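Asker: Listed in order, the protein sequences are those of chains A and B.
Each residue of the first sequence is one higher than the one before, counting from -6 in the working numbering.
Each residue of the second sequence is one higher than the one before, counting from 2 in the working numbering.
Virtual Cβ for every residue (Gly too), placed ideally from N, Cα, C.
Note that the coordinates shown come from a computational prediction; the quantities given were computed from them, not determined experimentally.
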Amino acid sequence: MIEFSDVDFDYPQGQPALRDINLSIKTGELVAILGGNGAGKSTLVRHINGLLKPTRGTVTVFGNNTRKASVAEISRRVGIVFQSPDHQLFAETVEKEIDFALRNFGTSLQFRHERIRDVLDFFDLQKYRSSSPLKLSSGEKKRLSIASIMAWKPDILILDEPTVGQDAFQQDKLKELVGLWTDEGKTVVIVSHDLEFLWGLVPRLIILSDGSLVADGKTEEILMKEELIQGESLHKPQLLDLAVMLRGTPPYHSFQNASDAAKWILKSRE
Amino acid sequence: MYRLAQTFVFRRNRSPIQRLDPRVRLLISGQLLILVGISSQIHEVFLTLTGVLALAILAKGLRRLANPFFMAWLIVGSTLIFSLQFLLNESLVSAVILSTRFIAILLSLSIFYVILSPDEVEQVMKSARLPRDLVFAFSAALRFVPVLMLDGLRIMDAQRSRGLELDKGWPSTRIKNFIPLLVPFIVTTLVRSSELAEAMEARAYGATPNRSSLEILRLQRIDVLALCLSFAIFSLAVEFFLFV
Chain A
-6 MIEFSDVDFD
4 YPQGQPALRD
14 INLSIKTGEL
24 VAILGGNGAG
34 KSTLVRHING
44 LLKPTRGTVT
54 VFGNNTRKAS
64 VAEISRRVGI
74 VFQSPDHQLF
84 AETVEKEIDF
94 ALRNFGTSLQ
104 FRHERIRDVL
114 DFFDLQKYRS
124 SSPLKLSSGE
134 KKRLSIASIM
144 AWKPDILILD
154 EPTVGQDAFQ
164 QDKLKELVGL
174 WTDEGKTVVI
184 VSHDLEFLWG
194 LVPRLIILSD
204 GSLVADGKTE
214 EILMKEELIQ
224 GESLHKPQLL
234 DLAVMLRGTP
244 PYHSFQNASD
254 AAKWILKSRE
Chain B
2 MYRLAQTFVF
12 RRNRSPIQRL
22 DPRVRLLISG
32 QLLILVGISS
42 QIHEVFLTLT
52 GVLALAILAK
62 GLRRLANPFF
72 MAWLIVGSTL
82 IFSLQFLLNE
92 SLVSAVILST
102 RFIAILLSLS
112 IFYVILSPDE
122 VEQVMKSARL
132 PRDLVFAFSA
142 ALRFVPVLML
152 DGLRIMDAQR
162 SRGLELDKGW
172 PSTRIKNFIP
182 LLVPFIVTTL
192 VRSSELAEAM
202 EARAYGATPN
212 RSSLEILRLQ
222 RIDVLALCLS
232 FAIFSLAVEF
242 FLFV
């Protein structure tokens, strides 16, 4: 459980970054945090593992106040995949990169071997096991940075702009991974602008604007708030737009593909 | 780190110092650095330090130099130097001189960032007819100091989120703990430099041997006055420090 109570955060020069945030994310929930550039999304998620401490108010994760615990302690349960993989990759080999956090957290050797094998398989990185992470392509680096966080199975997974630089196949893989993670009862928080990716995947959207929470609710309901979506410089999914235009009413569920959308639109004409 | 980086970000203001020609500002800053270098007695070091602080006040940059994080680094460094010097030479005076000189050197180097923007440094170097590539490399390096510090902060965040604890363990472990920070830092710096070089080339950098300047430096009466005044003070100080 993640709980933000009356949270304010000011940057060192005194500029406000977050204002009066009250937010609760339950265990096992899948939510997305959206907003324009500089809305405070990344600042908000950095509070969840204690990298940033609120100027006012409290952030609790599984009942522990983040102000009173070290980042390393909180990170055992909260994994953050940062936007740029270049800021974290350093090890000699891909295998050692994944092992880095497992070693820091003092997990058993057997668990380490199992997890390294599992994530390498899942992210299709097995063939690079002994290669340098620095030689991978940008998409592969991104996958490796996600794999190195998934390795220790944190209870809360935070993905900061996970679709940047990922092709359609890898985006589908990412969706699959998010699904698997939530099936295991883990919490997933995605920070993204990509509504095409989020629609149909994330049931709850939280929208930030200038450091304040402006919307929090079901994805389908929020997507119908035209002014809000446009005001935050977001684009509605194209299939949703088309369906609403042709049928006049919103679908209240997502479409897997164009054919799904076409069936739903044609249904109204039968 | 983020707060520390703020000390090295140039901010334009309407202070008397920032209204001067950049060449004059650079000269004043250089004179102060020379004075720090030649001051060997305790009163000389304190006099130079007063000069640095006076310049900071005139440049409206004292608050930035008084940044708590920068001050913390200064205090830690000077205390370390003081203790080492005191232990090795058993002389309180030399320990005070050396630690104060350390503070004066760092402050006079930092004031450079308060009174001169990287663009102005580039202008000054160009006006001195230094090779174009050298001028560009130098000004780019200055411009990227705060950016690189922020990169360092992001890297630290990423590794701390994977359980890295920099302040735990034996000294050897602590040194080893810096490897996960250093490697990405060097890599991102190299990548950034190569991207910058490509972006510059893509915008025709080096296409013509003689580039024109948007702004041409011209000395005003106030600049000449400041120049004369600073030379007078500098000459007096040198005379006092070396020959009295």
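1. Could you name the residues of chain A that B/LEU165 contacts, counting a contact when the two beta carbons are closer than 7 Å?
2. Between which two residues does the alpha helix (DSSP H) harbouring A/ILE139 extend?
3. For a contact defined as C-beta to C-beta under 9 Å, what are the partners of A/LEU119 on chain B?
4. Whose C-beta lies closer than 6 Å to the C-beta of B/LEU36 among residues of the same chain, with five residues either side of it excluded?
5. Does the CB of A/PHE116 have a neighbour CB from chain B at under 8 Å?
6. Is there a Cβ of chain B sitting closer than 8 Å to that of A/LEU113, yes or no?
7. How should A/THR20 be labelled, buried or exposed, when 16 other C-beta atoms within 10 angstroms of its C-beta is the threshold for buried?
8. Counting only beta-carbon atoms, is A/ASN42 nearer than 8 Å to chain B?
9. List the DSSP bridge partners of A/LYS211.
10. Skipping 5 residues on each side, what residues in its chain have a beta carbon closer than 6 Å to that of A/ILE14?
11. Which bits of chain B does A/LEU82 rub up against, with CB to CB less than 7 Å?
12. Using the beta-carbon count (16 or more within 10 Å), is A/PHE162 buried or exposed?
13. Mind checking which residues open and close the beta strand (DSSP E) that includes A/LEU15?
14. Can you tell me whether B/ASP22 is helix, strand or coil according to DSSP?
15. Give me the Cα-Cα distance between B/PHE244 and B/LEU151, rounded to the nearest whole angstrom.
16. Closer than 9 Å by beta-carbon distance: list the chain A residues that pair up with B/VAL188, in chain order.
17. Helix, strand or coil, according to DSSP, for B/PHE179 in the structure here?
18. Which chain B residues sit within Cβ distance under 9 Å of A/PHE75?
19. Using a cut-off of 7 Å between C-beta atoms, extract the partners of A/VAL64 located in chain B.
20. In its own chain, which residues sit with a C-beta less than 7 Å from the C-beta of A/PRO230, not counting the 5 before and 5 after it?
21. Determine contact between the region 75 to 92 of chain A and the region 124 to 143 of chain A, defined as no fewer than three beta-carbon pairs at a distance below 8 Å.
22. In angstroms with no decimal places, state the Cα-to-Cα distance between B/ARG155 and B/ARG161.
23. Report yes if the C-beta distance between A/GLU272 and A/LEU37 is below 8 Å; otherwise report no.
24. Helix, strand or coil: how does DSSP classify A/VAL52 here?
25. Helix, strand or coil for A/THR180, going by three-state DSSP, please let me know.
26. For a quick check, are the C-beta atoms of A/LEU194 and A/VAL157 less than 8 Å apart?
27. For A/PHE104 and A/HIS80, what's the separation of their Cα atoms in angstroms?
28. With distance defined between alpha-carbon atoms, name the residue in A/LEU198, A/MET143, A/TRP174 nearest to A/SER185.
29. Taking the alpha carbon of B/ILE116 as the reference point, which residue from B/GLU216, B/ILE234, B/GLN221, B/GLN19 has its own alpha carbon closest?
30. Using a Cβ cut-off of 8 Å (strictly closer), state whether B/ILE180 contacts chain A.
31. Look at the alpha carbon of B/VAL53 and the alpha carbon of B/ALA105, and state the distance between them as a whole number of angstroms.
32. Return the chain-ordered list of same chain residues with a C-beta closer than 7 Å to the C-beta of A/ASP153, the five sequence neighbours on each side being excluded.
33. Which chain A residues are close to B/VAL192, counting only those with a beta carbon under 7 Å from its beta carbon?
34. Interface residues of chain B around A/ALA94 at Cβ under 7 Å?
35. Which residue's Cα is closest to the Cα of A/GLU213: A/ALA25, A/ALA94, A/ASN30, A/SER63?
36. Near A/GLN164, which residues of its chain fall below 8 Å by C-beta distance, leaving aside the five closest residues on each side in sequence?
Answerer: With the given structure in hand:
1. Per Cβ cutoff of 7 Å: ASN97.
2. For A/ILE139, the enclosing alpha helix (DSSP H) has its first and last residue at 131 to 143.
3. Here the sequence assigns Gln to residue 119 of chain A, which means Leu is not the residue at that position. The premise fails here: A/GLN119 is roughly 21 Å from chain B at the closest Cβ pair, so nothing lies under 9 Å.
4. Around B/LEU36: THR49, ALA238.
5. No, because no Cβ of chain B sits closer than 8 Å to the Cβ of A/PHE116.
6. Output row for A/LEU113: interface = no.
7. With fewer than 16 Cβ atoms within 10 Å of its Cβ, A/THR20 is classed as exposed.
8. Output row for A/ASN42: interface = yes.
9. A/ARG197.
10. Closer than 6 Å at the Cβ level, and outside the excluded window around A/ILE14, lie PHE(-3), VAL0, LEU206.
11. In chain order: PRO185.
12. Counting the other CB atoms within 10 Å of its CB gives A/PHE162 a total below 16, which places it among the exposed residues.
13. In the sequence under discussion, the amino acid at residue 15 of chain A is Asn, which differs from the Leu named in the question. First-last of the beta strand (DSSP E) with A/ASN15: 9 to 18.
14. Here B/ASP22 sits in coil by DSSP.
15. B/PHE244 and B/LEU151 have their C-alpha atoms some 45 Å from each other.
16. The contacting residues are ASP79, LEU82, PHE83, LEU127.
17. B/PHE179: coil per DSSP, three-state reduction.
18. Going along chain B in sequence order, the residues near A/PHE75 (Cβ under 9 Å) are ARG155, ASP158, ALA159, SER162.
19. From the beta-carbon of A/VAL64, the residues of chain B found nearer than 7 Å are ARG161, SER162.
20. Excluding residues within five positions, the ones whose Cβ falls inside 7 Å are LEU188, GLU189, TRP192.
21. Counting Cβ pairs under 8 Å, three or more are found: they touch.
22. Distance between the alpha carbons of B/ARG155 and B/ARG161 is about 10 Å.
23. Outside the shown range of chain A, which is -6 to 263, sits residue 272 of chain A, and nothing can be said about it.
24. Three-state result, A/VAL52: strand.
25. Here A/THR180 carries a strand assignment [DSSP, helix/strand/coil].
26. Taking 8 Å as the cut-off, the beta carbon of A/LEU194 is found no closer than this to the beta carbon of A/VAL157.
27. Cα-Cα distance, rounded: 26 Å.
28. For the residues A/LEU198, A/MET143, A/TRP174, the minimum Cα distance to A/SER185 belongs to A/LEU198.
29. For the set B/GLU216, B/ILE234, B/GLN221, B/GLN19, the Cα lying nearest the Cα of B/ILE116 is the one of B/GLN19.
30. Output row for B/ILE180: interface = yes.
31. C-alpha separation (whole angstroms): 7 Å.
32. Hits under 7 Å: SER35, VAL38, ILE73, VAL74, PHE75, GLN76, VAL184.
33. Ordered by position in chain A, the residues that pass the 7 Å Cβ test against B/VAL192 are ASP79.
34. Within 7 Å Cβ-Cβ: ARG163, GLY164.
35. Considering only alpha carbons, the answer is A/ALA25.
36. Closer than 8 Å at Cβ, skipping near neighbours: THR156, PHE190.
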